[in-house]
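Read through the structure below, which is laid out as C-alpha cells, and then see the notes.
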Amino acid sequence: MAGGNFMHRVVSYLVNEVLVNSLANSRSFQRFAVRTSKQIEDISTKAAQKKQELAEQMKDLSKNFESFKNQ
1 MAGGNFMHRV VSYLVNEVLV NSLANSRSFQ RFAVRTSKQI EDISTKAAQK
51 KQELAEQMKD LSKNFESFKN Q
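In this text, residue positions in the sequence shown follow the UniProt record's numbering: the first is 1, and each later residue adds one.
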C-alpha cells in the first residue's frame with residue numbers, strides 16, 4: 001500500500017510541475033491572471049468605499065434616532 005502512495009505522490013508532483021510551468025509560460029494565462037487580479041483589486045476598493053459609506057450612514061441614522069427620541 002505504501003508503494004501506491006509513493007507513486008501517487010510522484011505522479012502528482014510531475015503533473016503539478018508540468019502544469020505550473022506551462023501556465024507560467026503562457027501569455028494568455030498571464031493576461032488572464034493580470035486582468036483577474038485588477039478586477040479583484042477594483043472590487044475590493046469599491047467594497048471598502050461602500051463599507052465606509054454605510055458606516056457613515058448608520059452613524060447619521062443613529063444620531064437622528066437619538067435626537068428624535070429625545071424630543
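Glycine included, C-beta positions come from ideal geometry on N, C-alpha and C. These numbers were taken from a predicted model, which means no experiment stands behind them.
> In the structure shown, what three-state DSSP assignment does S37 receive?
Replying inline: Three-state DSSP puts S37 in a helix.
> For N25, does the three-state DSSP call read helix, strand or coil?
Replying inline: Coil, per DSSP.
> Sorted by chain position, which residues of the same chain lie with C-beta nearer than 8 Å to F29's C-beta, five sequence neighbours on each side aside?
Replying inline: Shown here for F29: same chain residues with a beta carbon closer than 8 Å to its own, the five before and five after excluded, namely L23 in chain order.
> If we ignore side chains and look at the alpha-carbon of each, how far apart do V15 and K59 end up?
Replying inline: Each residue's CA atom was taken as its position, placing V15 and K59 some 54 Å apart.
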